[in-house]
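Heads up: the structure comes next, in C-alpha cells.
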Amino acid sequence: MPFESLGEFISALEGAGELVRVKAKVSADLEVAEIMRRLMYKKDQPAVLFENVEGSSSMQVLGNAFGSMKRLEIALEMDDFTEIGRRITELTRMKMPSGMLNKLKMLPKLSEIGEYGPKYVESGPVTEVVEAADKASLNSMPVLKSFAGDAGRFITFGMTVTKHPETEIRNLGVYRIQIIDDRHASMHWQTHKRGAQHFKMLKEQGKKIEVAIVIGADPATVFSAVAPVPEGMDKYLFSGITRKKGVKLVKCRTVDIDVPANAEIVLEGYVDPDDVRMEGPFGDHTGYYTPAEPFPTFTLTGIMRRSRPVYLATVVGKPILEDAYIGKVIERSFLPLIQMFHPEVVDFSMPGAGWFQGLAIISIKKTYPGQAKKVMMGLWGMGQLALTKMFIIVDSDINVHDMDDVIWAVTTRADAARDTVIIDNAPTDTLDPASPLVNLGSKMGIDATQKTREEGYVREIQQLAVVDDATKELVDKRWKEYFPT
Numbered sequence: 077m078p079f080e081s082l083g084e085f086i087s088a089l090e091g092a093g094e095l096v097r098v099k100a101k102v103s104a105d106l107e108v109a110e111i112m113r114r115l116m117y118k119k120d121q122p123a124v125l126f127e128n129v130e131g132s133s134s135m136q137v138l139g140n141a142f143g144s145m146k147r148l149e150i151a152l153e154m155d156d157f158t159e160i161g162r163r164i165t166e167l168t169r170m171k172m173p174s175g176m177l178n179k180l181k182m183l184p185k186l187s188e189i190g191e192y193g194p195k196y197v198e199s200g201p202v203t204e205v206v207e208a209a210d211k212a213s214l215n216s217m218p219v220l221k222s223f224a225g226d227a228g229r230f231i232t233f234g235m236t237v238t239k240h241p242e243t244e245i246r247n248l249g250v251y252r253i254q255i256i257d258d259r260h261a262s263m264h265w266q267t268h269k270r271g272a273q274h275f276k277m278l279k280e281q282g283k284k285i286e287v288a289i290v291i292g293a294d295p296a297t298v299f300s301a302v303a304p305v306p307e308g309m310d311k312y313l314f315s316g317i318t319r320k321k322g323v324k325l326v327k328c329r330t331v332d333i334d335v336p337a338n339a340e341i342v343l344e345g346y347v348d349p350d351d352v353r354m355e356g357p358f359g360d361h362t363g364y365y366t367p368a369e370p371f372p373t374f375t376l377t378g379i380m381r382r383s384r385p386v387y388l389a390t391v392v393g394k395p396i397l398e399d400a401y402i403g404k405v406i407e408r409s410f411l412p413l414i415q416m417f418h419p420e421v422v423d424f425s426m427p428g429a430g431w432f433q434g435l436a437i438i439s440i441k442k443t444y445p446g447q448a449k450k451v452m453m454g455l456w457g458m459g460q461l462a463l464t465k466m467f468i469i470v471d472s473d474i475n476v477h478d479m480d481d482v483i484w485a486v487t488t489r490a491d492a493a494r495d496t497v498i499i500d501n502a503p504t505d506t507l508d509p510a511s512p513l514v515n516l517g518s519k520m521g522i523d524a525t526q527k528t529r530e531e532g533y534v535r536e537i538q539q540l541a542v543v544d545d546a547t548k549e550l551v552d553k554r555w556k557e558y559f560p561t
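Quick note: the sequence shown, position 64, residue 140 per the working numbering, numbers continuous.
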C-alpha cells in the first residue's frame, strides 16, 4: 500500500535504517542547512529529523528525505522508475474496444484507472489546527536560512498549488519562497513554469491568483510537484498514477484550492500582480548565488496544519545534493514518454552535476543521416527540455550513464565544426549563471554518433573489433588459472 503521509514515510525510513534523529538543539539559521549539506556530500548518509529546533517547539524539521536512490525506492515503492512513465503512455494509448466481450475484458483496467483519481473528503489531519489571517504567521515555522549571503529565510520544499484559470487543471510546483514578514513572502515564479503561466493569465485580467503552499505530504505527491508532467495533466492525477491510488483532498478554508488531506502544513493566500518586491540573493543548486530580482508577493490568508507537523526542507548548493537524486527519478520515469514521441531514443541521462537543465545525454538507434540533429530539435521542443542547455547525442552502443564512455564517443565520433550545433537567442533556465541575459542565451548540441558516407564521412577507419568468440571462451574458461586468488 502506498504511503498516505509524510509520517508514514518517516517510519519506513527509520525501519530501514535510513533515518537519524538529532535531539540536540539546532538553529534554523545556517546550522541545519550546513548539517544537511555535510551529510549529502559524504554520500550514503541517512535522512535527518531535527527534533529540537530553536524557537519551534511544536515542529520538527525533516531533511535529506529523498537524498539517495534507496530512499526514493522506499518513497515510491518501486525500483524501476520507468514504470511511472509506462503507466502514463498506456493511458494515452488506450482505446475503448468494440464488442461487449472486449469491453468486459477492459473493465479491470478501467477500474484501475479510476483508482488513480483524487478522492475528496471533508477533513483530514491537515485540518487539526486552522488559523485565520489575524492569528496565522509565516514566522511560526522553522524556515531555513541556507547560506550566509542569502537575503533571508526561504521555504525550499513548499509545493505551490494553482489552477489553470480556464480549464481548472491543478498544478503543483516547487518554487523557492522568501519570507518577508508574518504575512508576506516573495514567490520565485520562473517565467517558464506552469504556476507562473497561471499567474500571468490572471494578471492580464487584472486579477489576483489564489494559491496554497503545501509543506510535507505523501512522497508520491511531493515527487509529482517536482516532476515536469505533460501539459494538460492534473498533478494530483499524476500523483495517483505514481502511487497507484488516488490522493485524498480537502478544500482550503480561505481560498478555492484543493490540498492533500494528509499534508503537514498548508499556507493559504493569494499572489497580487500589483505587489512586486525584490527577492534574493539565494544560494542555488547551480553552485552560485542567484541575484536579487523583482518577483510578485504572496499574502497569507490562513493556515491549516497538523497539531504537531513535520516541516519538510531541502538544501541546495553545488551539486551533488538531494535534488540530483530526485532528478534521476524524473529522468527514468520520463524515458518512456520521450520514447513515445521519439522511438529511436534508447536511453537518456541528465547527470547530477549538470543541475537538471545543464546537460542531457541521449543514445539513439541511428538509421538515417542527420538523425541526431532531428532528435536534438525534437527534444528542445518538448516541455521543460526546452530549457536544457546542452544535448549530446550518441549511438546505442554507448552507455549514457558512463561519462568515460560518453567522453570517448564525443572525442572519437564528433568533429567540432561538422557536429556542433549552436542556437542563439534561445530560452534558458532562469537560474543559469552563464547565460548573458536572464532567461535568454544559447544552446549547444553535439552529434557524437558514428558518421556515415551519406553524412560526408569517407575515411576507412574501423573501430576495434570485439574479440573473436573462441578467444573469449578460452580466456573466460581459464581466468581463474591466470588469477587464482
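For every residue, glycine included, the Cβ atom is placed at its ideal position computed from N, Cα and C.
A contact between stretches requires three or more CB pairs, one per stretch, nearer than 8 angstroms, and the stretch 138-157 meets this requirement with the stretch 401-409. Assigned with DSSP and collapsed to three states, D508 falls in coil, not helix or strand.
Contact between A389 and V137 holds, since their C-beta atoms are separated by about 6 angstroms, short of 8 angstroms.
Q254 is bridged by DSSP to F230 and S262. Rounded to the nearest whole angstrom, the CA to CA distance from S216 to P385 is 12 angstroms.
By the criterion of at least three beta-carbon pairs nearer than 8 angstroms, the stretch 230-239 is in contact with the stretch 247-256.
Secondary structure in the stretch 328-397: the beta strand (DSSP E) runs of 3 residues or longer, each lying completely within the stretch, are 334-336, 341-355, 369-381 and 386-388 in chain order. For D257, the CB contacts under 8 angstroms within the same chain, skipping 5 residues up- and downstream, are L214 and N215 in chain order.
For I379, the closest of A288, G359 and Y401 by C-alpha to C-alpha distance is A288.
Selection E107, F358, K118 and K284 evaluated against E398 yields K118 as nearest (Cα-Cα). Per DSSP, Q136 is one residue of the beta strand (DSSP E) stretching across Q136 to G139. Each residue's CA atom was taken as its position, placing E242 and T488 some 51 angstroms apart. By the criterion of a C-beta distance shorter than 6 angstroms, T362 is surrounded in its chain by W431, L507 and P509, once the five residues flanking it on both sides are discounted. With 16 or more other Cβ atoms from the protein chains shown falling within 10 Å of its own Cβ, K221 counts as buried.
In this structure, DSSP gives I86 a helical state, which the three-state scheme calls helix. Between the C-alpha atoms of A546 and G446 there is a straight-line separation of about 37 angstroms.
G225 and F299 have their C-alpha atoms spaced approximately 29 angstroms apart. With a cut-off of 8 angstroms on Cβ pairs, the stretch 543-561 is not in contact with the stretch 510-517, counting fewer than three such pairs. Three or more Cβ pairs closer than 8 angstroms define a contact, and the stretch 336-352 falls short of that threshold against the stretch 88-104. Annotation: the stretch 490-536 contains the following complete segments of the beta strand (DSSP E) (minimum length 3 residues), in chain order: 496-503 and 516-524.
DSSP, read as helix, strand or coil, puts L106 in coil. When the five nearest sequence neighbours on each side are left out, the beta carbons in the same chain lying within less than 7 angstroms of the beta carbon of D105 are those of K221, in order along the chain. Just measuring C-alpha positions, the residue of K394, E198 and K320 sitting nearest R329 is E198. One alpha carbon belongs to M112, the other to Q538, and they sit about 50 angstroms apart. Checking the DSSP bridge columns, you'll see S439 partnered with D423 and V470. Where F299 is concerned, there is no enclosing beta strand (DSSP E), although the alpha helix (DSSP H) around it starts and stops at P295 to V302. Look at G308 here: in three-state DSSP terms it is coil, with no helix or strand label.
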